[in-house]
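Trainee: I have a structure here, written as structure tokens, and I will follow up with some questions on it.
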Amino acid sequence: MSEDFIEGPARDPDPDAVAERLAAEALIVDVDGFEGPLDVLLTLARTQKVDLRTISVLQLARQYLMFVEKARELRLELAADYLVMAAWLAFLKSRLLLPPDPEEDGPSAEDLAAHLAFQLERLEAMRKAAARLMARDQLGRDVFARGEPQGLERSRRVVWTATLLDLMQGYARLRTRDDFRPFVMDRDGVFTMEEALERLRPLIGTVAEWTDLTAFLPDGWNADPARRRSATASTFAATLELAKNGRLDLRQAETFGPITIRGRA
Amino acid sequence: MTESADSESLFEAPPLAEQERMVEAILFASAAPVTVGELHARLPHGCDAPAALEQLVKRYEGRGVRVARVGDAWAIRTAADLAFLMTRETVETRKLSRAAIETLAIVAYHQPVTRAEIEEIRGVSVSKGTIEQLLDLDWIKLGQRRQTPGRPVTFVVTRGFLDHFGLGSPRDLPGLKELRAAGLLESTPPPGDGAPLEDAEATDDMFERSPPEEETDHASDDTA
Amino acid sequence: MTESADSESLFEAPPLAEQERMVEAILFASAAPVTVGELHARLPHGCDAPAALEQLVKRYEGRGVRVARVGDAWAIRTAADLAFLMTRETVETRKLSRAAIETLAIVAYHQPVTRAEIEEIRGVSVSKGTIEQLLDLDWIKLGQRRQTPGRPVTFVVTRGFLDHFGLGSPRDLPGLKELRAAGLLESTPPPGDGAPLEDAEATDDMFERSPPEEETDHASDDTA
């Protein structure tokens, strides 16, 4: 018989076994191309050339176990999940072959087989759907968007506002500030010490005789009492400063008496 | 140019033909689909974007470009039969791996779908790079979390996906109806959680050893 | 999809209506205006691009977009009257800064007034930006040059200023007496003297926040 020529254990005299064995060998060649056991099972299921709904899970289990066995013979490293699937299928196979044990809990072998068939059918369906999706007219390949989009310009416009009240308040604020100025600005009646110093410095060198301080008040500061008071005070302060510097001598004969000054040579 | 609330109520909406022109201008100016909401925001007050769109779609039927619906948005796209003229515009896209293509299809047909469900369907774990690539392409996005233990995130397809594959809505996915009718879009947990079926014997060996020709009839081969 | 050189000679050029569709799609998808030469290079053999363009231009007459000549090339452009749809203008209303309001007030009450005079009244230097802003707003303009050394420019308020503030003429500005009567000339800052503005203008208005006592510093500068 033909299967005698095939290496490895020949358990099944069924001519299908030859095809299975060949399929298993074919799978081994590109095992790296498979995405896991389910992918391998789906490929194996296709060799049954039937609607996936009517697939023989027992046959599938045999095919898969043969595939794993073949891989072992060739000392091919299979990922762990392939071996887990092999163990599970071996279990399923034995359950399917044995008469059901009424004592046993858990899902029946048929339920498990049905679910595996469903999984394969669903995976197959998704692969077909993916292929149909990719076959659609795709944007940038078959169908094109506007090449020179104009887009939406966003412009921001700022509107500045001010009311007449703002304006009035602003001006009022300025004028209010001006109202404070007289307190510090009314300098008409103030003769500063700096001014007095400036006035006395060039004069003092020429004063050889004792001279009354009031004689040194600037012109026009004598009439108005307020102005005279300011000028006198500042001139007196200036003479103290100059006396400190050794520029003049300062004398007052009696309390509230007239103050006289004389320059130092 | 923006109208104040007052002027909006003072002026009537432009005639529909004029609205159609406006929608036309807006769609032409944008490379990305424009939602009906965005259209209303840009059109003068009182415009009826859906009515204008309907007219515009008709106007462009059979033209070199067409007005395409993309989910809740609209875009102008070149007619697919003229793709051969567009070699210059063709964008060389990175070839998607089989894993990415399958994952995309699973998200599209099963959405919202969790990563665990994708893995259950494909029978292998989904690499992080695959999900990332699809997120990068703006073809899938995160949906709402599933209200199950662990509250896993779900994935759904985007408007960009619909736009890329020329789909008006996820309902327009090819073969969706057939897949649903066949029960292939249901999330069926593997057996084992619930109690075993009592009438397990009735379906005994339905896949077993029969010649392929006879296997098409599910009910007839109960004997073993 | 592209036709080989052989088939080009075997098949006749597509009908003009079809050529028009093709030109439409090419212009739409192209990232830059397309010349007639480029059109001929891309269209099937035997096409008449100028004729197809002419039909297309006519077809888009009065539409929301138009087929426009750009130099020696052609492109699809938004109709000029719909340009307003392409910009989204956001209008932001902001209150004029205190520096600007005070400067404006000084120009209004003292016009024609030089920059130096404004600075003297405000007690701080006037930033260039403030003057420019008021000029931009068309609320002040240059008056005649002052016939003094240096011939400094003067500023006066504009018609736009009067319109904005609802004044018939600059003489309609409330006088100091009215300001006082309105309670605006009290030494305490009037209500609504915006605190939020102050930080923004700290640099320009350094004296504004100082207590009155410290104003002696700048006031004394004015004497002599």
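Residue numbers (numbering that gives the first Met the number 0), protein chains in the order written: chain C, 0 to 264; chain R, 0 to 223; chain U, 0 to 223.
Every residue gets a Cβ at the ideal spot worked out from N, C-alpha and C, and that includes glycine.
Give a yes or no on whether the minimum CB-CB distance between GLY70/U and chain C is below 9 Å.
Mentor: no
Trainee: Let me know the secondary structure DSSP gives GLY152/R once reduced to three states.
Mentor: In the sequence on display, residue 152/R carries Val and not Gly. In this structure, VAL152/R counts as coil in the three-state DSSP scheme.
Trainee: Note down, in chain order, all residues in the segment 134-159 of chain C with a beta-carbon under 7 Å from any beta-carbon belonging to chain R.
Mentor: ARG135, ASP136, GLN137, LEU138, GLY139, ARG140, ASP141, VAL142, PHE143, ALA144, ARG145, GLY146, PRO148, GLN149 and GLY150
Trainee: Determine, for GLU120/C, whether the minimum Cβ-Cβ distance to residues of chain R falls below 9 Å.
Mentor: yes
Trainee: Output the distance between the C-alpha atoms of GLY174/U and ARG226/C, rounded to the nearest integer angstrom.
Mentor: Rounded to the nearest angstrom, the two C-alpha atoms are 35 Å apart.
Trainee: Taking PHE154/U as the reference, give the member of PRO111/U, PHE27/U, GLY61/U and THR129/U with the closest Cα.
Mentor: PRO111/U
Trainee: Spell out a yes or no on whether the segment 79-97 of chain C and the segment 147-167 of chain C are touching, meaning 3 or more CB-CB pairs, one atom from each, closer than 8 Å.
Mentor: no
Trainee: Taking C-beta pairs closer than 7 Å, name the residues in chain R that GLU23/U reaches, listed in chain order.
Mentor: ARG62, GLY63 and VAL64
Trainee: Identify the continuous beta strand (DSSP E) that holds GLY262/C and give its terminal residues.
Mentor: 258-262
Trainee: With respect to the beta strand (DSSP E) encompassing THR77/U, which residues constitute its N-terminal and C-terminal limits?
Mentor: 72-77
Trainee: Taking ALA104/U as the reference, give the member of LEU42/U, GLY70/U, ILE130/U and ALA48/U with the closest Cα.
Mentor: ILE130/U
Trainee: Determine, for SER168/R, whether the minimum Cβ-Cβ distance to residues of chain C falls below 9 Å.
Mentor: no
Trainee: Are the Cβ atoms of PHE27/U and VAL69/R separated by less than 9 Å?
Mentor: no
Trainee: Could you tell me whether the Cβ of GLN132/U comes closer than 9 Å to any Cβ of chain C?
Mentor: yes
Trainee: Note the first and the last residue of the continuous beta strand (DSSP E) segment covering LYS140/U.
Mentor: 139-141
Trainee: So which residues on chain C does PRO173/U lean against when the C-beta distance must stay under 7 Å?
Mentor: MET167
Trainee: Can you give me the start and stop residues for the alpha helix (DSSP H) that GLN110/U sits inside?
Mentor: Premise fails: GLN110/U is in no alpha helix (DSSP H) and is neither H nor E.
Trainee: Which residues in chain C sit within 7 Å of THR153/U, going by Cβ to Cβ distance?
Mentor: Going along chain C, no residue has its Cβ under 7 Å from THR153/U, so there is no contact; the nearest lies around 18 Å.
Trainee: So, is the C-beta of GLU53/U closer than 9 Å to a C-beta in chain R?
Mentor: Not an interface residue.
Trainee: Rounded to a whole number of angstroms, what is the C-alpha to C-alpha distance between VAL30/C and LEU55/U?
Mentor: Cα-Cα distance, rounded: 57 Å.
Trainee: Report yes if the CB atom of ARG179/R is closer than 9 Å to the CB atom of MET125/C, and no otherwise.
Mentor: no
Trainee: Of all Cβ atoms in chain U, is any one closer than 9 Å to the Cβ of ARG87/R?
Mentor: yes
Trainee: Can you pull out the residues from the segment 100-127 of chain U whose beta carbon lies closer than 8 Å to at least one beta carbon of chain C?
Mentor: Correct list: ILE100, GLU101, LEU103, ALA104, ILE105, ALA107, TYR108, ILE120, ARG121 and GLY122.
Trainee: If you count every other CB in all the chains shown that lies within 10 Å of the CB of ARG41/R, and 16 or more means buried, which is it?
Mentor: buried
Trainee: For GLN137/C versus PHE164/R, is the C-beta distance shorter than 9 Å?
Mentor: In contact: GLN137/C and PHE164/R (Cβ atoms closer than 9 Å).
Trainee: Output needed for GLU116/R: all residues of its chain with C-beta closer than 7 Å, excluding positions within five of it in sequence on either side, in chain order.
Mentor: HIS109 and SER186
Trainee: For LYS127/C, which of helix, strand or coil comes out of DSSP?
Mentor: helix
Trainee: Please give the ranges of any alpha helix (DSSP H) in the segment 7-51 of chain U, keeping only runs that are unbroken, at least 4 residues long and fully inside the region.
Mentor: 15-28 and 35-41
Trainee: Touch check for the segment 202-211 of chain C and the segment 255-264 of chain C: three-plus C-beta pairs under 8 Å?
Mentor: yes
Trainee: So what does THR92/U bridge to, in DSSP terms?
Mentor: Paired residue(s): VAL158/C.
Trainee: Check this for me: beta carbons of LEU166/R and ARG135/C, under 9 Å apart or not?
Mentor: yes
Trainee: Look at the alpha carbon of PHE33/C and the alpha carbon of ALA82/R, and state the distance between them as a whole number of angstroms.
Mentor: 34 Å
Trainee: Going by DSSP, what residue range makes up the beta strand (DSSP E) through ARG250/C?
Mentor: 247-251
Trainee: Look at the Cβ atom of VAL156/R, then the Cβ atom of THR113/R, and state whether they are nearer than 9 Å.
Mentor: no
Trainee: Which residue's Cα is closest to the Cα of GLU17/U: LYS94/U, THR34/U and GLY45/U?
Mentor: GLY45/U
Trainee: Give a yes or no on whether the C-beta atoms belonging to ALA116/C and LEU91/C are separated by under 9 Å.
Mentor: no
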